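74 is the number that the numbering used here gives to position 74 of the sequence shown; each next residue is one higher, with no gaps.
Glycine included, each C-beta is placed from N, C-alpha and C at the ideal position.
Keep in mind it's a predicted model, so treat the numbers as computed, not measured.
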Amino acid sequence: MAVFGTEAHPIKYTDSTDLPVCLHKNADKHRTMAGLAQLGRSSKGWYNGLKLTLTRDFDGRWLGLQFTGANANDRDIFRSINKHLMGILVGDAGYVSKQLEQDMHVEGKRILLIRPYKTMKRLATLFQLAVYKGRFKIEFDFRSLKLFHGLVTSMPRSVNGYLANYLHALLSFVLT
1 MAVFGTEAHP IKYTDSTDLP VCLHKNADKH RTMAGLAQLG RSSKGWYNGL
51 KLTLTRDFDG RWLGLQFTGA NANDRDIFRS INKHLMGILV GDAGYVSKQL
101 EQDMHVEGKR ILLIRPYKTM KRLATLFQLA VYKGRFKIEF DFRSLKLFHG
151 LVTSMPRSVN GYLANYLHAL LSFVLT
């Protein structure tokens, strides 16, 4: 699950993406993933499906991933997926929380950098701004998984079919 020790880069990025299984208007009739899929909200609007949370280091190594229901709390997932990682953990505005910062802080071993909301007045050092700019890499991973490796689909007709599709997409991404 995780790369520990000297192999992992000290800067790590965590983000989540939506995995819709059907259109929101069809959520009441969708029975294939009824036990796993939940109603959630992303920046694109409401969807019925799952959420994939991924942590990767600056060099592109995946350090952890977790599938959850779409309505799962991002901060709780962040805690569980990164509890054993040390270094500089970077997240977007969806992870803004004083409690999360306190929970994840380990003196001299782990620093949490959360990009503030655009409406928040917060000063950032040049180092923090440079680290935030590296977040595009995890966004590119999600884009590649969805567009080129077929992570999002509505074709499977069973839970096993969906899970096999997710596994196939993740493995094809890692192996290419």
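Whole-number beta carbon distance between Arg115 and Asp141, since they are thought to touch under 8 Å: With 8 Å as the limit, Asp141 and Arg115 do not qualify as a contact, their Cβ atoms being about 17 Å apart.
Buried versus exposed, by CB contacts within 10 Å (16 or more), Asn48: buried
Cβ pair count under 8 Å reaching 3, the segment 12-20 against the segment 38-57: yes
Check whether Gly69 and Lys12 have beta carbons under 8 Å apart: no
Anticipated Cβ contact below 8 Å, Met104 with Leu89, distance rounded: 7 Å
Proximity of Arg110 and Tyr95 at Cβ, strictly below 8 Å: no
Residue range of the unbroken beta strand (DSSP E) whose run includes Arg79: From DSSP, Arg79 is part of no beta strand (DSSP E) but of the alpha helix (DSSP H) over Asp74 to Asn82.
Segment contact, 8 Å Cβ cut-off, at least three pairs: the segment 150-167 with the segment 26-46: yes
Host beta strand (DSSP E) of Tyr47 (start-end): Gly45 to Asp57
Local Cβ density within 10 Å of Met33, reported as buried at 16 or more and exposed below that: buried
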